[in-house]
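Under our numbering, residue 246 is the last one in the sequence shown; the count climbs by one each step, no gaps.
Using N, Cα and C, we set each Cβ at its ideal position, and we do this for glycine too.
In this text the structure is predicted, and so the values were computed from the model without any measurement.
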Amino acid sequence: MIIAVRSFIYILLLGITVFIYASAIILVAPFTSYLTASRIATAWGRLNITLLRFICGIKLDIQGWDRLPQGGGYIIMAKHQSAWETVALRGLLPFNQSWILKKELLLVPFFGLALKLTKQIAIDRKAGKMALKQLLQQGIESLENKRIVIVFPEGTRVRVGQTGRYNIGGALLAEKSGCLVVPVAHNAGIYWPRNGFRKYPGTINVVIGEPFSSVGMTAAEINNKVSQWIESNVAELPHKRA
């Protein structure tokens with residue numbers, strides 16, 4: 005019962021913070037660069053990491069933080085178990101981010117406009133080859149502007165202990181750009197379950213992998229290397245709540 009109440013309080017505050025910070029982005033965007041809007045978005049992520057810790061008892065243990073390249077212009081390819089990583093990575097990583105996300109999110113009031121103003125990469129998944137072309141065009145532009153492109157190769161959240169099919173889009177962007185790729189493993193789905201309402205107390209383990217160059221590699225090779233690293237590291241993390 006206590007977990008349900010705490011989860012409800014957090015979800016309520018999550019909605020409030022989305023409204024406040026998205027409104028702030030919308031208000032300042034016409035008068036400043038998108039970098040200011042990106043900083044506001046990152047402040048939102050950091051606030052929610054704090055709220056999760058104090059309200060839901062969700063803490064973090066991060067390994068490999070020092071492996072992140074200096075500056076931007078690289079791709080993060082992360083495990084997708086939960087909605088947690090869509091909130092927390094925003095706050096954990098340097099502010100200059102471009103996320104590959106579904107176009108439908110741009111239709112969400114306030115939130116969608118804030119995403120557009122922070123220069124995210126919104127893809128129409130139903131557009132087939134055109135969607136891939138759009139991803140490559142916007143992704144390469146973001147990388148050239150030293151932004152960190154964040155990809156969930158599995159595309160959708162998967163249950164703890166399961167592996168989704170690793171889509172080719174992020175790997176193809178890496179192949180075409182020749183940029184560094186950083187794999188990220190975690191077990192957030194234990195404490196913030198996929199499609200679950202309750203947020204359980206405990207420590208989410210995050211492992212940041214060694215960056216590798218995509219120069220000379222095919223998209224299939226990149227995808228294979230990333231998937232093997234992520235899944236092997238996820239397998240070594242706790243799979244049950246303490």
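TODO: For Ser37, count neighbouring Cβ atoms within 10 angstroms of its own Cβ and tell me buried if that reaches 16, exposed if not.
DONE: exposed
Task: For Leu51, the nearest candidate out of Asp65, Leu17, Asp70, Gly75 (CA to CA) - done: Leu17
Open item on the list: Using DSSP's beta-bridge definition, name the partner residues of Lys106.
Closed with: Ile127
TODO: Taking all protein chains shown into account, decide if Ile20 is buried (16 or more other Cβ within 10 angstroms of its Cβ) or exposed.
DONE: Classification for Ile20: exposed.
Task: Inter-stretch contact (C-beta, 8 Å, three-pair minimum) for the region 227 to 237 and the region 115 to 125 - done: no
TODO: Return the chain-ordered list of same chain residues with a C-beta closer than 7 Å to the C-beta of Leu72, the five sequence neighbours on each side being excluded.
DONE: Val186, Ile212
Open item on the list: Using 9 Å as the threshold, is the C-beta distance between Phe99 and Val22 below it?
Closed with: With respect to Val22, Phe99 sits apart: the two C-beta atoms are not nearer than 9 Å.
TODO: Starting from the C-beta of Glu158, find all residues in its chain whose C-beta is less than 8 Å away, skip the five residues before and the five after it, and write them out in chain order.
DONE: Lys83, His84, Thr167, Gly168, Arg169, Tyr170, Asn171
Task: Contact check, Ala175 vs Ile144, beta carbons under 9 Å - done: no
Open item on the list: When you compare the CB positions of Ile208 and Trp88, do they come within less than 9 Å of one another, or not?
Closed with: yes
Open item on the list: Suppose you measure from the CA of Ser217 to the CA of Met5; what does that come to, to the nearest Å?
Closed with: 48 Å
Open item on the list: Just to confirm the assignment, what range does the beta strand (DSSP E) spanning Gly206 have?
Closed with: 206 to 212
- [ ] Just confirm the distance between the C-beta atoms of Leu102 and Arg151, as a whole number of angstroms; I'd bet it's less than 8 Å.
- [x] The amino acid occupying residue 102 in the given sequence is Ser; Leu does not appear at that position. Between Arg151 and Ser102 the Cβ distance is about 5 Å, and since that is below 8 Å, they are a contact.
TODO: Taking the CB atoms as reference points, tell me whether Ile154 and Ile127 lie closer together than 9 Å.
DONE: no
TODO: Please report the Cβ distance between Arg198 and Val162, rounded to the nearest whole angstrom; I am assuming they are in contact, meaning their Cβ atoms lie under 8 Å.
DONE: 7 Å
- [ ] Kindly indicate which three-state DSSP category Pro187 falls into: helix, strand or coil?
- [x] strand
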